[in-house]
Structure formats: structure tokens, C-alpha cells
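Beneath this line is the structure, given in C-alpha cells, with notes to follow.
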Amino acid sequence: MASSAAAQDHGNFKLLKSFPIGYAPITVSKWRSEKTGLTVVLGSHQAPITNGYFAIASEIFDDTGRPHTLEHLVFLGSKQYPYKGVLDQLANRAGSNGTNAWTANDHTAYTISTAGSEGFLKMLPVYVDHILHPTITDAGFVTEVYHINGAGEDAGVVYSEMQARENTAGDLMALEGQRSLYPPGSAYRSETGGLMHKLRVLTAQQIRDYHAEYYQPYNLCLVIDGAVPISELFDVLNNEIDPMIIANKSGSEPIIPVDWKRPFVQTTTAESISISKPITKTVEFMEEDESVGEVSITYLGPPPTDYRTNLAISVLDSYLTQSATSPLSKEFIEIPKPLCTAFSFYASDRVNKNEISVYISDVPARHLEDIAGLFQKKLQKIVNEEGIDMERMKRILRKDQRKLLEYMESRATEVLSDAIIGDFLYGKVDGKELPLAFNDMEDYSVLHSYTAEEWLALLDKYFVSAPSVTIVGKPSAALSVKIEKDERERITRRKEELGEEKLKALEATLESAKKESEISPPKEMITGFPITDPSGLTWVPVETAINNAVNDNVKSDGGEVQRLVDADGHRLPYQTHFSHVESNFVVVVALFDTIDVPVHLKPYLTIFQNSLFSLGVKRADGTILSHEQTVNELEDLTVSQSAHFEFKGNFAEVMAITLKVEKDQYEQAVAWLRDLVAGAIFDSKRLSVIVAKLAQELPTEKRDGSTIATAWANNLTYDASKSSSQACELLNRLEFIPRVAEMLEKEPNVVTEKMEELRKHLLDPRKMRVAVQGNILGLQKPLSVLARSFLPIDEALPLAPLSTSQQTLTSLGKSPSKKCVIIPMPAIEGSYATFFATGPSGHSHPDLPALRLAASLLNALESYLWKSIRGSGLAYGAHVMVYPEAGLVGFNVYRSPNAMLAYEAAGKIMDGLVDGSVELDQDLVDGARSSMTYDYARRSETVLGAAGTAYLNEVLKGLGKNADQDLLKSLPGVTLGQVRDVISRYFSPLFKSETSIGAVTVSTSKADEVEAGLRELGFETERKELPVLQGDDESAHGSDVDMSGSESGSEVER
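Here the numbering used here is used: the first residue of the sequence shown is 2, the next is one more, and so on.
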């Protein structure tokens, strides 16, 4: 949405740059206030959601974690709103689901998203006041950052968060890499999240001093995107925000102090660095299984504002790693005994030279010391002998371009915020370099003209001839024992040193801080803030059409799209649904209900879904393609492809196989979907390679406390003999995958026969549905395309009812009671939990509006669970869940020192809400209702997201296309009495042992304490040990590291 009002000055704010993005309907404009130095960048486009990213350049030269601790304290109150929780309560009323933030190595970003722009603009001055004028009280520091409790233990939200992270492989390796790469005097050496021993001596005053130095308007950039009226935005900026900032400044102060140094750019961090010779260091991390580890290799890249070269390096990354036919995959992964399971390249913006990091996952112990050398030799071989496969390179370039265009439809806010924050940190203040950040399509055109020699020169310059820093992450069972022992002894010594009286005093200090933090704001501060009206929200328009199967009676819109389908001249013997939206892409989905797949075949579905896009194929015309040809052709056709259980988080027994392509490739997508499901060649040698990789990836999940807790709770609840998705769950895969790997070695024909048998059951037309989403009106005869290019089904058979998770419940799942599994895990510090109880059954159950509102109320930031659990330091996160398809409700605890205590505290809150001892606050309910507007708008924020939601609601749930909007319309009619009633009938039993079941993962040192507490609550507990995965020295097992959401492993989120 280009606005004529955008490209001009507005009051104090002088326009620095305004330009349209050439490949998306978005105009980017940058302004800076002449009075305060505040920077504002707007990405103007049509969207139902308005997003804000408010970035501070947060430079720090030590490991105290002041950027991260300050990030947390900002949310506890401001000069105009000096009460904890006000920001999030108001955000909920503004049509948001609360606020959030993250701290990376070079910036802190505060975020908010609202349904529409009205609530966003009302929240903007409130949020900026919290950022620039926070209260930062001693009491807030005690509860949110760090304290010693009455038992002599360390606690606090930030401290607990970093305790769970500090000794993980990713964090340890990242910090060692930073220390090795950057000299003293560089802020990039720092752990911005805070190391535990530094957090223990940090003070509130140090944080206040840091805020005074860095949290200034001239070091703040407001990044906004969505359909925001320009005039209304600048009314708020000129009449509320700038005057508020000026009122808090001394009249004699200049806009920007003469001694101000722009972080990173004008400080000692800006001094150029180089790697004079290769560096290799080893760090140990806690892990019982010492058979596999991780390796990272870091190089220095071009400057952050050399966008074209950085893009070229990104393309090289795709060339080297993308798909099973990439050079690195073929050499290291797609072999009988893989040397790793993944190569992941990450580029991080830095002031002079970007970091380019290569993360190598799941490396067998015997290869930890040599995998970096083998990787380097492969790159040398490409440069000196093999050269660049220019056909593959052209294919990669085309796909990367398609993905960029798709991102601008589906993830525009991420693209905008990443580029704009990077420019704010490292680009010119006048905005002249900002357009270059969005010049990708022109850059791609230049890259298309690169010769093989130019690509090789680039690879040689930045990787082959460039020295690097290699960090080897080595698992250590002994380290786990040592850390546990040292921590226990440290706490014992402290308790002895403090003595009983001092411990009582510390507990009293904590209780006093809690009381101060819990002071409620004046009622009018909340009620005076208007609630966003959902009726004013603009939803993405979707029009539907249906080709019904026999005995099927789905009703569509009956409009132009239905007329197009009806005029096609073909009727298909299976259900096909069309969702029309204005998009450059088409999504074709085949959904197969797997509930009737025989028990002995269900586990093989995990192999089917993981091999589908990388097997040889016999095409419908009889052409045989090798697995490499299949991979290459799909790479050249699709934007994305997937095969997984569930559709948009619902219907767990459905396997959805999806191809997303450009809209003029619809028929090719349909033909390929047919050939993949019906023509895949189950070659035992190829399957052996795929299964070997799956086996190596298992410990990735096996080391994750949250994953294991959920897996065990699911294992109690769902019957793997009835549920295909449960048969493919982690606990079953831990046993099945190693067994099938052995079968492929000794009895390969048995496996291939089972795969063929599985396919026959899967392709039952009575259990199949097809959905097409995208620009349907731009397709020529969409039914005819399916008739000639999809599965050749002649006989019209009745469509079987869609299965539900409720059909797969165990006896405990049907009647939850008493059972709780405890899983001690040496690799984690803290605990995680998942509990289930009986809930309403079916998507049209009359209790659902009130129950969903109750869940939104309980889960809201600064609401009941947040205050009682996170606010008390009992867990980093806790929330309730509603599963109408299974007829269950759930409760989840994340990163807790003792999940039992968090569970117990939640139960007390439920009891209080039911008996009236805890007030059911109408203002909080109103905020939750408004927040739900955002939640449902978010599901349909993008055009294809809206199309998928329309299909889910209209066909799979049978509720009608506009079910989400109808639910929101019903919420004003839900009374406090109804909310209390559903809490009493559904959520309260979740916290009674007689009516619930669950699973808890816990560090080995805390297992006895947690188990004893659960028994006191009435649970019959049982300890479970995870199976030990066997393998020789050349096999690899997995990793608990995912750096994709991290800035060199140091990004921390609220």
C-alpha cells in the first residue's frame, strides 16, 4: 500500500528515504525526529495485523547480562504507568496477545502485534514510555532478575532462564567462538544474556546506569509494518511521543550529546579484526551419551552493507547444502554411515565483517576432531577439481527467488524487520543504504550472470583460503556429574555461611518484593483504555468451491469460484475443495486418513513421510527417475514441500502431503503429487541411507526435556495400536528406527514389502481428500487437471468420516486419573511437565466459546498463571490448552526449577477462581476477549494462511468458512459466570490427581524431590528411563542444538 502521505516530512519527523519494494506491494519509508533523534521506519502494506519491532543498539563489554536483564525490567512499569503488568493488560485490550522482546548480541528488540492498527497506535506511546522511562525498582530486580530464597537457592526469572541455557552445547560453543574470534575491547565477546556467576553479583543500580547510557531516543528505532494510516501514526508521534520524550529531558541538553558514540560503529568494537591463522578449540557439554557431538566453523564475511556479496554467499550456502543432491549432503550425509546429519550456515551482521558460521550437527565422536578438516578438503576439491555445476546453480537461484517472493506473501514482517534493524545498527543514519537491503531481485539478476569461475572465486575467498575458528562441542557424562556436585556443594556452603537468620531475612526480602510487585494499578488506568472492536478488522477475503464425494454434503460459497468449478465439465470421484485468494502461488494438498492403517504398518509411516521427496520415482508415463533426478526436479518446481501428520495443528491421524508452486505450475504440481505417492520406488539401499540419518537424529529430541515430557504424556494418553501419529512418536521411534535399520541390513525385502503394503492402505480413495488453495480463478479447468493428472480413480466410493484423536485414546486417556511418569535426565537443569484431563469433545461443543475465553484469560501475560508461576519464579512459562478433537484439556510447564511446585500453584489459582477467593476480574476477561481477536486474525494473516483456515473450518471441522469470525462474535455474550463454570468443570480437574495424568522430566539431582511432591499431591508415580541407543563408533546420534532462532547462540527472549 503506497501512500502519497508517506513520502514527505511530518511535523518533527523529517523524511530520510522512501521507496517501493520492487517485488512486493510494500512501500518503506524512514523518518527521524529533529527534536529527539527518534527513528521511525514504516513498511506500508495491506494486512490484517500491525507489527512493531522497537530496537535499541545494546552494546555491552562484559558478561553481566545487563542488556538482557534490562529487557525484562522494562516490562515491570514506566514513569506514566508505574505498575507491573499494565503494559500487557493494555496490549490485550488493544487487540494483541501481549508483548515480547529478545536480546541478541548487538541489539534488544521489543515487539507487539495487534489486530488492525487502531489498538497499535494507542499502545505505541505506552510502550515507548516503558522502553525509555522504566521504573527499574529494587523489588522488580529481586523477583525478575535474581534473588536468594529462604532455602539458600538462586532464583529469579532471568537467572532461571540462563541456568537452563548456560551449560548447553549451543551456548557454550557460541561463547567460546566469540571469545576466540574477537579481541578484548569488542562487545561481540560478551554473553549478553548474562553468565550465572555474574548475575549473582549484579545490582539494580548497574542496570539503571546501563539504561541511562543506551536507552536514549536517538538510539531507538521504531520499525512498524502493516496497514497503518500515515496521518494517524504521526499524530501520535508528534503529539504524544516526542513531547513525552522532551518532557523527560533537561532543556539544556542537545538532541544528541556531543560525546555520544554510536554503539558498535564508533566504539572500540568497530576496530577491524582478522583471523591470522586457523584456530581450533574444544568445549565440553553435559551429556550422558558421549558418542556424538557438534562442531561449528566461523569465517569472516563481507561488510553488512555489501548486500549483493552477502546474497551471493547465501546462494552458495544453498548450493552446498540444500537438498539430498547438494555437494555436502552427498559427501557427508547421504551415505550408509553418515558423518553428520546437517550442515547449517548462519550469517550474523557485524560492524566491519559479517560472521559466517557453519554448524555441523550430530558428528560421531571419532570424527569430532577431523570433520572440520574433511569439510575444508571438500570445499578445496570443489574449487580445484570439481568446479561448480552451473545447471544446479541456476536451479538454486530460481528457487531462492521463488522463496523470496513467497516470503513477501507469508513472512513479510520478518523480511522487513531483519533488514531494517540491520540497517539501523550498521547502515548510514541518513537512510541512503536502506534501499539496497531490498534490492534482492536486481542482485539475483546479476548473480544469474555469474560464471562458474566467479562462483569459485567467491567460495575460495571466503571459505577455502580464509582462516577460520573451529569449536568442537564434546559431550561429557563426567561434566554433568561435576556440575551437579559443584552446585550442590556451593549451595551447602552458602547456607552454612548465611545461617538461619540471614536466610529468613532473604525470604522476607523476597516476600516484600513480591508484594510490592503485585500492587494493582488503579482500575481506571485499565478501564480507561479502549478495547479494540473486532468488527472493524479487515479479514483476507477467501471464496470457496467444492467437488463433493458420494454421500458428501459440504456447502461452499456458491459464488464465482464454484461456478468456475461447475463449468469445468468434470466431476471427480473424491472430495476436492478450492479456496481462492489473491496469490502468486498455489498450494495442492492431498490428505490421507491413516487411522485404519494396520498396526504392524503404522510405524512405517515415519519412513514414508521422511523419504517421500528423496526416492526414485516411476512417473505416470513409465519414465523411471533416480532419487537424484526426483530431488532436482522438485527443487526446480516447488517453493516448498512437506509430508506430516495434522493439518494446521488439527486431525492428528491425517497425513497431509503438500506442494507449493507458482500459480502457473498447478498441473505440474498435481502430476508430481500423484507420482510421489503412487510411484515412489522403495529401494532398500536408498531407504537404508534415509533410515541411518533418522537414527542419528533421534537423540536431538531425546535430550530435550520439553519434548520428552510431552512424548511421555502422549504415550499415556494415546494408543499407538490405534493412532498412526502416536506410533510415529519419539518414544516409539527410539525403538523402531534402530530395529528397521537392522532389518534393512539383514532382511531388506521385508522392509520394502511393508512399504508397498503401507502405500496400498494409504491410497484408499475412501480416506482421501484433496485441497487446492491460491489463485483459483486464474486456473484453467482445475477439475480437469486433477482428472487427467492425479490418481486414476474411476469408481465413486462414499467418503469415510474423518477420524479424530478421541478414537485413539487409551483407557487412561478416556478417564485420566492418578498416573504420573517421572523421567530423570542428566542433560537438563530444571524440569518440564505436561498434564491432561477430560475436556469438551468436538469442535462444535457449546462450551467451547467460554472455555477458549477462559484459556485466553488464564494464559495471558500478567494474568493468573503468569503472576502465580512466572511472577513467583516457579517456571519460565506455563499455560493451559484445549483439545476438542481429543476431548481433552492440558497444562504445560516450561523451564521450571521444580515443575511440581508450578503445577501445585496453578491448582491453587484454579481453586481460588472457582470458590471466589481469587477475584475473576472483568477487566482481565475483557482483555482476554480482545486478545483472542488477534489470535484468530493471526491464523489468517496471510492470503494462503487464510485459504488454509477456510478449508480447515469449512470442510474438516464442518463449522463453516467463517467459524473463527463467528466465534469472536459470540464472545461478548460469554458471562463471568460461564467462565467460572468452565474453569470449574474442565481446568480445575486438571490439577487434581484423581482426574488427571501427566509426565515430568527433571534433572537427576531433583528427581527425588519432584517425585515426592507429586506423590503428596496424590499421584501414583513411575520412573522411566530413556533407552540407550546402541551404535558403533561410526554411527552418529543427534544434537539438542537449534541455532536457527539465535544470534550466535546468544539471543535470549523474554
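For each residue, glycine too, the CB sits at the ideal point set by N, CA and C.
- Put simply, of Ser869, Ser804 and Leu1030 the residue whose alpha carbon is nearest the alpha carbon of Glu654 is Ser804.
- About 5 Å separates the beta carbons of Val146 and Gly157, which is inside the 8 Å limit, making them a contact pair.
- Restricting attention to alpha helix (DSSP H) runs no shorter than 4 residues, the stretch 545 to 600 encloses them at 561 to 567, ordered along the chain.
- The beta-carbon distance between Ala834 and Val1001, rounded to whole angstroms, is 4 Å. This is short enough to meet the 8 Å contact definition.
- In this structure, Asp461 is the residue among Glu288, Asp461 and Ala906 with its C-alpha nearest to the C-alpha of Val384.
- Bounds of any alpha helix (DSSP H) do not take in Leu862, whose DSSP letter is neither H nor E.
- Of all C-beta pairs linking the stretch 88 to 95 to the stretch 262 to 275, fewer than three are shorter than 8 Å, placing the two stretches out of contact.
- By the neighbour-count definition (other C-beta atoms within 10 Å, threshold 16), Thr976 is an exposed residue.
- Around the C-beta of Lys603, 16 or more other C-beta atoms lie within 10 Å, and the residue is accordingly described as buried.
- In this structure, Pro26 and Gly117 do not form a Cβ contact; the two beta carbons are roughly 19 Å apart against a cut-off of 8 Å.
- Under the DSSP assignment, His73 falls in the alpha helix (DSSP H) whose first and last residues are Arg67 to Leu74.
- Between Ser327 and the set Thr299, Arg396, Lys338 and Val352, the nearest pair of CA atoms involves Arg396.
- Under the three-state reduction of DSSP output, His880 falls in the strand class.
- For Val29, the uninterrupted beta strand (DSSP E) segment begins and ends at Thr28 to Ser34.
- For the 9 Å CB-CB criterion, Ile257 and Gly38 form a contact.
- Linking Val956 to Lys649 through their CA atoms gives a straight-line distance of about 13 Å.
- For Trp261, the three-state secondary structure derived from DSSP is coil.
- About 6 Å separates the Cβ atoms of Met163 and Gly195, confirming a contact at the 8 Å cut-off.
- With respect to the 9 Å criterion, Thr100 and Thr51 are not classified as neighbours on the basis of their beta carbons.
- The Cβ-Cβ distance between Tyr877 and Arg896 falls below 9 Å.
- Assignment of Thr100 by DSSP, reduced to helix, strand and coil, places it in the strand class.
- At a cut-off of 4 residues, the continuous stretches assigned as alpha helix (DSSP H) that sit fully inside the stretch 466 to 539 are 478 to 518 and 524 to 528.
- Within the DSSP secondary-structure output, Glu942 pairs in no beta bridge.
- Annotation note: the stretch 644 to 714 contains the following uninterrupted alpha helix (DSSP H) runs of length 4 or greater, listed N- to C-terminal: 667 to 680 and 685 to 703.
- In the three-state reduction of the DSSP assignment, Thr281 falls in the strand class, which pools E and B.
- For His571, same chain residues with a beta-carbon under 7 Å away, outside a window of 5 residues either side, are Leu784, Ser785 and Ala788 in chain order.
- A straight line joining the alpha-carbon of Gln642 with that of Asn633 spans about 13 Å.
- In the three-state reduction of the DSSP assignment, Pro365 falls in the strand class.
- Counting along the chain, no alpha helix (DSSP H) covers Ile794, and no H or E run does either.
- Glu905 and Gly872 have their C-alpha atoms some 15 Å from each other.
- For Gln774, no alpha helix (DSSP H) segment is defined; the enclosing uninterrupted segment is the beta strand (DSSP E) at Met769 to Gly775.
- In the assembly as shown, Arg67 is a buried residue. Its beta-carbon has 16 or more other beta-carbons within 10 Å.
- Nearest in C-alpha terms to Leu798, of all of Ala110, Gln576, Thr169 and Leu16, is Gln576.
- For Pro783, the enclosing alpha helix (DSSP H) starts and ends at Pro783 to Ser790.
- In this model, Glu920 and Lys429 are separated by some 53 Å (Cα to Cα).
- About 5 Å separates the Cβ atoms of Leu437 and Tyr308, confirming a contact at the 8 Å cut-off.
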